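Basically this note's numbering = 1-based index in the sequence shown + 819. All C-beta atoms, glycine included, are put in the ideal place defined by N, C-alpha and C. On a predicted model such as this, the values are computed, not experimentally measured, just so you know. The block underneath contains the structure these notes are about, expressed in structure tokens.
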Amino acid sequence: MTRMGPTACVIGWPVGHSRSPLIHRYWLEKYGLDGDYVATQVPPDRIDAFLAGFAASGFIGANVTIPHKEAAFRAAAKASPVATALQVANTLWLADGAIHADNTDCHGFLANLDERAPGWDSGGAAIVFGAGGAARAVIHALISRRFDPVIVLNRTLARAEALASHFGPPIVAAPLTDAAQFVPDANLFVNTTSAGMADAPPLTIDWHGAPGDAIATDIVYTPLQTAFLREAADHGLKTVDGLGMLLHQAAPGFERWFGVRPVVDEALRQRILADITGRGA
Ligand code: NAP
820 MTRMGPTACV IGWPVGHSRS PLIHRYWLEK YGLDGDYVAT QVPPDRIDAF
870 LAGFAASGFI GANVTIPHKE AAFRAAAKAS PVATALQVAN TLWLADGAIH
920 ADNTDCHGFL ANLDERAPGW DSGGAAIVFG AGGAARAVIH ALISRRFDPV
970 IVLNRTLARA EALASHFGPP IVAAPLTDAA QFVPDANLFV NTTSAGMADA
1020 PPLTIDWHGA PGDAIATDIV YTPLQTAFLR EAADHGLKTV DGLGMLLHQA
1070 APGFERWFGV RPVVDEALRQ RILADITGRG A
């Protein structure tokens, strides 16, 4: 394939669902830059070899998505403090022929809430539903804004407990079935489970007693309005969807590769929304 100027990619398996090419091509066009961004599908048994040859691949950098974020971190000669704390990377670039890595999911999560719900980080208790890879980034972000406690509720308790031992206090681990006892005391509710995605059953919470000034945010963005957000809104909570997290997490990589810090604007949001609506999940 002929590449048009400096080219970055998103690496995943599968990767056809990724909106990253749409996001980065929007910015390349907007800022009139020479370059391209493509999706590259790499199977799990090829990822280590792919990353070992990355410096000679012709790509200037990459985003990394499921299931390769751990492999991307391991392949890096140098990692940012956030990627090191999480042991996973989603953004790679080359410096002196070596892979450097960052994890921008924390930034994306925080920037989305900073933009859509200014003052959201007044502290107190936060509840995180889910204990997968994305929960790890969200917990790190919440600790950085001094939420205490951060209650991690997961269907599989052992995974929540593993996060509690990784991060230490202020994490409290409990089973998802205990949610009702924590809901009245929390200021922030974050769904990081994949429940609620277009092809998955919804995450249903008993919102009884939730503080009226609390905020609920879902990092799932297909669909944009999940049942989790709709039901939280029905109980009077302010809600923030997960699309902004996806858009903001992309910005630091674009700046590294193409030299311009891009702005997450409404036209970009509308372009990705149109794709989500037209294509579904
Ligand atoms: P993951 O590592 O596979 O974790 C999935 C989590 O969802 C686990 O905690 C799992 O619980 C829970 N879960 C799955 N089905 C459930 C159900 N029916 N009921 C209750 N809990 C259920 O996935 P991930 O990487 O953390 O990603 C999670 C979601 O975040 C995905 O939808 C992903 O697209 C989204 N995401 C969005 C952004 C963004 O930029 N907006 C960024 C990253 C991820 P168990 O441990 O019990 O299996």
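Would you say the beta carbon of residue 1072 comes nearer than 7 Å to a heavy atom of the ligand NAP? Answer for residue 1072: no, Cβ out of range of the ligand NAP.
Considering only the alpha carbon of each residue, which of 929, 945, 941, 974 lies closest to residue 951? Closest by alpha carbon: 974.
For residue 1080, which of 1066, 1090, 1054 has the nearest alpha-carbon? That would be 1066, whose Cα lies nearest to the Cα of residue 1080.
Could you check whether the Cβ of residue 1064 sits closer than 7 Å to any heavy atom belonging to the ligand NAP? Yes; taking the cut-off as 7 Å, the Cβ of residue 1064 has a heavy atom of the ligand NAP nearer than that.
How about residue 928 and residue 970: are their beta carbons less than 8 Å apart? No, they are not a contact pair.
Measure how close the beta-carbons of residue 1093 and residue 1058 come, nearest whole angstrom, since I'm counting them as under 8 Å. About 21 Å separates the two Cβ atoms, so there is no contact after all.
Exposure label - residue 1037; buried when at least 16 CB within 10 Å: With 16 or more Cβ atoms within 10 Å of its Cβ, residue 1037 is classed as buried.
Less than 8 Å between the C-beta atoms of residue 918 and residue 945, yes or no? Not in contact: residue 918 and residue 945 (Cβ atoms no closer than 8 Å).
When burial is assigned at 16 or more other CB atoms within 10 Å of the CB, is residue 1075 buried or exposed? When all chains shown are included, residue 1075 counts as buried.
Close-in-space but distant-in-sequence residues of the same chain around residue 961 (CB under 6 Å, 5 per side omitted): Here the set comprises 945, 969.
Just to confirm, are residue 947 and residue 1009 a CB contact at a threshold of 8 Å? With a cutoff of 8 Å on beta-carbon distance, residue 947 and residue 1009 are scored as near each other.
Once you ignore the five residues that flank residue 994 on each side, which residues in its own chain have a CB closer than 8 Å to its CB? So the qualifying residues of the chain are 972, 973, 974, 976, 979.
By DSSP, does residue 966 sit in helix, in strand, or in coil? In the structure shown, residue 966 sits in coil (DSSP, three-state: anything other than H, G, I, E or B).
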